[in-house]
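Take a look at the structure below.
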Amino acid sequence: MKISSKMLKAAMLSGLVLVVGGCATSRDVFVPPCKPAAPVLEWYEPDQGGIYYPERSVTNLMLYIEQLNDCIDYYQVNPG
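So, in C-alpha coordinates, the structure goes:
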(Lines of atoms letter the chains of each structure in order from A and count residues from 1; the text may use other names and numbers.)
(Lines give C-alpha, C1' and ligand atoms only; values in the text may rest on other atoms or scores of the structure.)
Protein backbone atom coordinates (compact mmCIF):
# COMPACT_ATOMS: atom_id res chain seq x y z
CA MET A 1 0.00 0.00 0.00
CA LYS A 2 1.43 3.32 -1.05
CA ILE A 3 0.82 6.42 1.06
CA SER A 4 0.17 9.63 -0.83
CA SER A 5 2.23 12.69 -0.05
CA LYS A 6 -0.89 14.52 1.17
CA MET A 7 -1.63 11.76 3.69
CA LEU A 8 1.99 11.75 4.82
CA LYS A 9 2.00 15.53 5.31
CA ALA A 10 -1.29 15.36 7.22
CA ALA A 11 0.06 12.61 9.49
CA MET A 12 3.28 14.54 10.16
CA LEU A 13 1.34 17.72 10.91
CA SER A 14 -0.99 15.86 13.29
CA GLY A 15 1.99 14.32 15.08
CA LEU A 16 3.70 17.69 15.39
CA VAL A 17 0.58 19.28 16.84
CA LEU A 18 0.36 16.52 19.46
CA VAL A 19 4.02 16.89 20.45
CA VAL A 20 3.91 20.69 20.68
CA GLY A 21 0.62 20.60 22.56
CA GLY A 22 2.02 18.04 24.99
CA CYS A 23 5.10 20.12 25.66
CA ALA A 24 3.04 23.24 26.28
CA THR A 25 0.79 21.53 28.82
CA SER A 26 3.54 19.58 30.60
CA ARG A 27 4.98 22.84 31.93
CA ASP A 28 1.75 23.40 33.90
CA VAL A 29 1.69 19.83 35.20
CA PHE A 30 5.27 19.65 36.53
CA VAL A 31 5.50 22.80 38.64
CA PRO A 32 7.77 22.22 41.64
CA PRO A 33 6.15 22.65 45.05
CA CYS A 34 7.33 26.10 46.05
CA LYS A 35 5.70 26.45 49.40
CA PRO A 36 8.17 24.73 51.70
CA ALA A 37 7.04 24.43 55.29
CA ALA A 38 8.89 26.69 57.67
CA PRO A 39 11.11 24.70 60.01
CA VAL A 40 10.54 24.49 63.73
CA LEU A 41 13.43 26.29 65.38
CA GLU A 42 14.69 25.61 68.89
CA TRP A 43 16.72 28.15 70.76
CA TYR A 44 18.23 28.62 74.15
CA GLU A 45 19.20 31.71 76.08
CA PRO A 46 22.75 31.42 77.39
CA ASP A 47 23.76 33.15 80.59
CA GLN A 48 25.75 35.78 78.64
CA GLY A 49 22.62 37.00 76.83
CA GLY A 50 21.50 36.55 73.25
CA ILE A 51 20.23 33.27 71.88
CA TYR A 52 21.78 29.99 70.85
CA TYR A 53 20.44 27.83 68.00
CA PRO A 54 21.30 24.11 68.15
CA GLU A 55 22.96 22.64 65.06
CA ARG A 56 19.75 20.86 64.05
CA SER A 57 17.82 24.14 63.94
CA VAL A 58 20.55 25.82 61.89
CA THR A 59 20.56 22.90 59.43
CA ASN A 60 16.76 23.01 59.09
CA LEU A 61 16.84 26.76 58.55
CA MET A 62 19.53 26.47 55.86
CA LEU A 63 17.53 23.75 54.05
CA TYR A 64 14.45 25.98 54.15
CA ILE A 65 16.39 28.92 52.71
CA GLU A 66 17.78 26.66 49.97
CA GLN A 67 14.26 25.50 49.04
CA LEU A 68 13.06 29.09 48.87
CA ASN A 69 16.01 30.03 46.65
CA ASP A 70 15.19 27.10 44.34
CA CYS A 71 11.63 28.42 44.02
CA ILE A 72 12.87 31.93 43.29
CA ASP A 73 15.22 30.58 40.62
CA TYR A 74 12.42 28.51 39.07
CA TYR A 75 10.01 31.44 38.84
CA GLN A 76 12.66 33.78 37.45
CA VAL A 77 13.21 31.32 34.58
CA ASN A 78 9.48 30.44 34.24
CA PRO A 79 7.48 33.58 35.15
CA GLY A 80 3.76 33.25 35.65
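Numbering-wise (numbering that gives the first Met the number 0), the sequence shown opens with residue 0 and increments by one.
Here a beta-carbon is modelled for each residue, glycine too, at the ideal position from N, C-alpha and C.
Owing to the predicted nature of the structure, the values given are computational and were not obtained by experimental measurement.
Query, Result
"Boundaries of the alpha helix (DSSP H) in which E65 is found, first to last residue", "54-76"
"8 angstroms CB neighbourhood of L40 in its chain, flanking five on each side removed", "Y52, S56, N59, L60"
"Spatial distance of P80 from P35 (CA atoms)", "Residue 80 is absent from the structure shown; the chain starts at 0 and stops at 79."
"Supposed close pair Y73, A37 - CB separation, criterion 8 angstroms", "Contact doesn't hold; Cβ gap of about 19 angstroms is too wide."
"C-alpha distance - C70 paired with N77, whole-angstrom precision", "10 angstroms"
"Alpha-carbon to alpha-carbon, Q75 and L67", "12 angstroms"
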